[in-house]
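Q: Handing you this structure, nothing more for now.
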Amino acid sequence: MSDGYINFANSSLGQTLIKSFGLPNPEILDRYEAGQDFIRGSLLLGAAEGAELSSAIAKTLGNSQSPILTSGDTAAKALKSAKLSAASYTPNEEDGQKFGALVFDASGIKNSAQLRQMYDFFHPVARKMAKSGRLIVIGRTPELCKDPKEQTAQRALEGFVRSCGKEIRKGSTSQLIYVAPGAENQLDSTLRFFLSSKSAYVSAQVVRISKAAEQSVSNWEKPLAEKVALVTGASRGIGKAIAETLARDGAKVVCLDIPPSEEELKAVATELGGEALALDITAEEAPQTITDYFKNNHQGLDIIVHNAGVTRDKTLGRMKPQFWDMTLDINLSSEERINDALLAADAINENGRVICVSSISGIAGNMGQTNYSTSKAGVIGMVQSMSPVLNKKNITINAVAPGFIETAMTAAIPFAIRQAGRRMNSMSQGGLPVDVAEAIAWYANPASAGVTGNVVRVCGQSLLGA
Ligand SMILES: NC(=O)c1ccc[n+]([C@@H]2O[C@H](COP(=O)([O-])OP(=O)(O)OC[C@H]3O[C@@H](n4cnc5c(N)ncnc54)[C@H](O)[C@@H]3O)[C@@H](O)[C@H]2O)c1
């Protein structure tokens, strides 16, 4: 279902009424189109004294055609040593300069007093962000900082980034990337994703990057070439968008859905040059059927996206036991059984990706959704518990937690609640299925080997559970 209010809000009458009555003001978000540069507009790079990640950042920035500017000596030196030309920028209130991205390497911040450098860099340019701009802070994983003062200061960055997400309007986003010592070579895919319009509806997120073996990508337009992916619940909604996006990125996609949806499923698979597998994931034989399918037809699989899910809402006192059982089984237990079978048969290939779809209901809880929220919080538990186990096999596991996404599932919500769901976030709008799919494609990227154990919300910084 489309949200007519966004178009109205972006008309001249809409703008007049919004300003007069203080109504929500959703921007039309800049979304990815094939061939687009991952930086949109000029980028300003700054760095704290003693910053350690600027060379890694420069390596990524060197792959863009967009103008790079620097503020301060530390960032300028890093770019120079990376042989990247960048003009130096001195903030001036009158210069009319707009930035598509503001990036700050905060890895040198060792104590709370040094947090002042965040203010010094961002304050003069905070109002110079272009529409759909990107604010990114890159720091060191707090839990891995040996000095408590450094850990405190690095943890403080979260409050900064989340507040910025609420201040920088106009469809802009704000993120924090923590890089573990030794994981500097893993930053590229994550920095590209958060700079690009692929992360249009992801804001105020904190991502942790860990050490991993380096995996290179030769063609960033087709990073999944020669990869085989399974997407469950792929006949419609978010699952269909995931299948389309992974196929766009070069993967051979096997689309799975329940037998009654076989016709729609086949249409999606045919359109993508993929394959259709009509199967109920809760069926007793499903884990073995899936395992055999990939062993026999594809020499295993590289990416599995556990997207299939249902809601069966009722307050706890009114909930029938079959609605509890069904929701838990589809959304959580079947995923565990399928993972177990694939792993036992060694059917997930080296550098594989397990990607789960949770929900902000699994983080915040929701009225009438004890069953759904339990299952989706369990998905987060599965990511956290399985990530060290899978790490030993060079397989990553991560989840997305969508907020309000425009699909058949949310179209069924009563009008007033649907409107509230759309507006209660920093972007004053619902997301699109493709917004979830783009985050999944980032996890799936071979260069995201250092991204594991993360749960990223695709919710426009929803107020729920924030
Ligand atoms: N739409 C949202 O706002 C939103 C928000 C948070 C999380 N999610 C999650 O995103 C995922 C996709 O949601 P959607 O909005 O596209 O829903 P949807 O209802 O449009 O699609 C879900 C798909 O899963 C399939 N499915 C259900 N049970 C299955 C089973 N037993 N075996 C195989 N396939 C099965 C359905 O047939 C359907 O095609 C779900 O896990 C949902 O919980 C959605």
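If you're matching positions, the sequence shown starts at 2 in the working numbering and goes up one per residue.
Even for Gly, the Cβ is constructed at its ideal location relative to N, Cα and C.
No experiment lies behind these values; they were computed from the predicted model shown.
#1: When DSSP labels each residue in this structure, what does F9 get in the three-state scheme?
#2: State the CB to CB distance for the pair A154 and Q115, rounded to an integer number of angstroms; the pair is presumed to be in contact (CB under 8 Å).
#3: Taking Cβ positions, are V437 and P403 nearer each other than 7 Å?
#4: Using a Cβ-based criterion (distance less than 6 Å to any ligand heavy atom), does M1 qualify as near ligand 1?
#5: Considering only residues of the same chain and omitting the five flanking positions on each side of K296, which have a CB-CB separation below 8 Å?
#6: Going by the beta-carbon positions, is the gap between S374 and S362 smaller than 7 Å?
#7: Roughly how many whole angstroms lie between the Cα atoms of A442 and D250?
#8: So if DSSP puts E276 in a beta bridge, which residue, or which two residues, is it bridged to?
#9: The alpha helix (DSSP H) spanning T142 covers which residue range?
#10: When the distance is taken between beta carbons, is V104 closer than 7 Å to I137?
#11: Report the CB separation of G73 from G101 in whole angstroms; it is logged as a contact under 8 Å.
#12: If you check the beta carbons only, do L196 and F39 fall under 7 Å apart?
#13: Given the structure, does R237 come close to ligand 1, in the sense that its CB is under 6 Å from one of the ligand's heavy atoms?
#14: If we count the other Cβ atoms within 10 Å of its Cβ and call it buried at 16 or more, is T312 buried or exposed?
#15: On a CA-only basis, which of V306, A248, N64, S359 is nearest E340? Give me that one, please.
#16: To which residues of the same chain is R32 closer than 6 Å at the C-beta, ignoring the five residues directly before and after it?
#17: How far does the beta strand (DSSP E) with V401 in it extend, from its first residue to its last?
#18: Quick check on DSSP: helix, strand or coil for V435?
#19: Can you determine whether any heavy atom of ligand 1 sits closer than 6 Å to the C-beta of T408, and answer yes or no?
#20: Which value, in whole angstroms, describes the spacing of the CA atoms of L46 and E285?
#21: May I ask whether a heavy atom of ligand 1 can be found less than 6 Å away from the beta carbon of D326?
#22: So what does V457 bridge to, in DSSP terms?
#23: Excluding sequence positions up to five away, which residues of its chain have a Cβ less than 7 Å from the Cβ of S65?
#24: My understanding is that E407 touches T246, with C-beta atoms under 8 Å, so please give their C-beta distance in whole angstroms.
#25: With a threshold of 6 Å (Cβ to nearest heavy atom), would G461 be considered close to ligand 1?
#26: May I have the straight-line CA-CA distance separating V453 from E351, to the nearest angstrom?
#27: Is any non-hydrogen atom of ligand 1 found closer than 6 Å to the C-beta of G369, if you look at the structure I gave you?
#28: Would you kindly report the start and end of the unbroken alpha helix (DSSP H) that includes Q115?
#29: Using CA coordinates, which residue listed in K321, A83, R237, N11 is at the minimum distance from M410?
#30: Is the CB-CB distance between V229 and L302 below 7 Å?
#31: Just to confirm before moving on: does the CB-CB distance between I282 and T233 stay below 7 Å?
#32: Are I472 and P434 closer than 7 Å when you measure CB to CB?
A: In short, the structure shows the following:
#1: Numbered from 1 along the sequence shown, position 8 holds the residue referred to as residue 9. Of the three classes helix, strand and coil, the one that applies to F9 here is helix, per DSSP.
#2: To locate residue 154, count along the sequence shown from 1; it is residue 153. To locate residue 115, count along the sequence shown from 1; it is residue 114. That pair is a contact at about 6 Å.
#3: Residue numbering aside, residue 437 sits at position 436 when the sequence shown is read from its first letter. Residue numbering aside, residue 403 sits at position 402 when the sequence shown is read from its first letter. Their beta carbons are under 7 Å apart, which means V437 touches P403 by this criterion.
#4: Since the first and last residues shown for the chain are 2 and 467, residue 1 lies out of range.
#5: The residue labelled residue 296 in the question sits at position 295 within the sequence shown. Closer than 8 Å at Cβ, skipping near neighbours: A346, A348.
#6: Taking the first residue of the sequence shown as position 1, residue 374 is located at position 373. Taking the first residue of the sequence shown as position 1, residue 362 is located at position 361. It is a contact, given that the beta carbons lie within the stated cut-off.
#7: Position 441 of the sequence shown, counted from the first residue, corresponds to residue 442. Position 249 of the sequence shown, counted from the first residue, corresponds to residue 250. A442 and D250: Cα-Cα distance of roughly 8 Å.
#8: Taking the first residue of the sequence shown as position 1, residue 276 is located at position 275. Paired residue(s): V255.
#9: Your numbering for residue 142 matches position 141 in the sequence shown. Element bounds for T142: n/a, residue is neither H nor E.
#10: Walking along the sequence shown from the start, residue 137 turns up at place 136. Walking along the sequence shown from the start, residue 104 turns up at place 103. A contact, by the Cβ cut-off of 7 Å.
#11: Position 72 of the sequence shown, counted from the start, is the residue given in the question as residue 73. Position 100 of the sequence shown, counted from the start, is the residue given in the question as residue 101. Between G101 and G73 the Cβ distance is about 19 Å, and since that is not below 8 Å, they are no contact.
#12: In the sequence shown, counting from the first residue as 1, residue 196 sits at position 195. In the sequence shown, counting from the first residue as 1, residue 39 sits at position 38. Closer than 7 Å, so yes.
#13: What you label residue 237 is simply residue 236 of the sequence shown in a count that begins at 1. Yes; taking the cut-off as 6 Å, the Cβ of R237 has a heavy atom of ligand 1 nearer than that.
#14: Walking along the sequence shown from the start, residue 312 turns up at place 311. So T312 ends up on the buried side.
#15: As a working mapping, residue 340 is identified with position 339 in the sequence shown. A small fix is needed here, since residue 340 is Asn in this sequence, not Glu. Of the listed residues, the one whose Cα sits closest to N340 is V306.
#16: On the sequence shown, position 31 is the one that residue 32 refers to. These residues qualify, in order along the chain: S198, A201.
#17: To locate residue 401, count along the sequence shown from 1; it is residue 400. Its beta strand (DSSP E) spans residues 397-403.
#18: Locating residue 435 in the sequence shown gives position 434, counting from the first residue. In this structure, V435 counts as helix in the three-state DSSP scheme.
#19: Here residue 408 refers to the residue found at position 407 when the sequence shown is read from its first residue. Distances from the CB of T408 to the heavy atoms of ligand 1 include at least one below 6 Å.
#20: Numbered from 1 along the sequence shown, position 45 holds the residue referred to as residue 46. Numbered from 1 along the sequence shown, position 284 holds the residue referred to as residue 285. Approximately 54 Å between the Cα atoms of the pair.
#21: Position 325 of the sequence shown, counted from the first residue, corresponds to residue 326. No; taking the cut-off as 6 Å, the Cβ of D326 has no heavy atom of ligand 1 nearer than that.
#22: Start at 1 with the first residue of the sequence shown, and residue 457 comes out as number 456. V457 pairs with V401.
#23: Along the sequence shown, one-based indexing puts residue 65 at 64. Excluding positions up to five away in sequence, the list reads D38, F39, I40.
#24: Residue numbering aside, residue 407 sits at position 406 when the sequence shown is read from its first letter. Residue numbering aside, residue 246 sits at position 245 when the sequence shown is read from its first letter. Not quite, the Cβ-Cβ distance comes to about 16 Å (not below 8 Å), so this is no contact.
#25: Start at 1 with the first residue of the sequence shown, and residue 461 comes out as number 460. Incorrect: G461 has no Cβ contact closer than 6 Å to ligand 1.
#26: As a working mapping, residue 453 is identified with position 452 in the sequence shown. As a working mapping, residue 351 is identified with position 350 in the sequence shown. Reading off the sequence, residue 453 comes out as Thr, not Val. Rounded to whole angstroms, T453 to E351 spans 15 Å at the Cα level.
#27: Along the sequence shown, one-based indexing puts residue 369 at 368. No, ligand 1 has no heavy atom inside 6 Å of this Cβ.
#28: One-based indexing of the sequence shown puts residue 115 at position 114. Taken as a continuous stretch (DSSP letters only), Q115 belongs to no alpha helix (DSSP H), as it is neither H nor E.
#29: What you label residue 410 is simply residue 409 of the sequence shown in a count that begins at 1. Among K321, A83, R237, N11, the Cα nearest to that of M410 belongs to R237.
#30: Translated into positions along the sequence shown, residue 229 becomes position 228. Translated into positions along the sequence shown, residue 302 becomes position 301. V229 is a Cβ neighbour of L302, given a cutoff of 7 Å.
#31: One-based indexing of the sequence shown puts residue 282 at position 281. One-based indexing of the sequence shown puts residue 233 at position 232. With respect to T233, I282 sits close: the two C-beta atoms are nearer than 7 Å.
#32: No information on residue 472 is available, as it lies outside the stretch 2 to 467 that the chain covers here.
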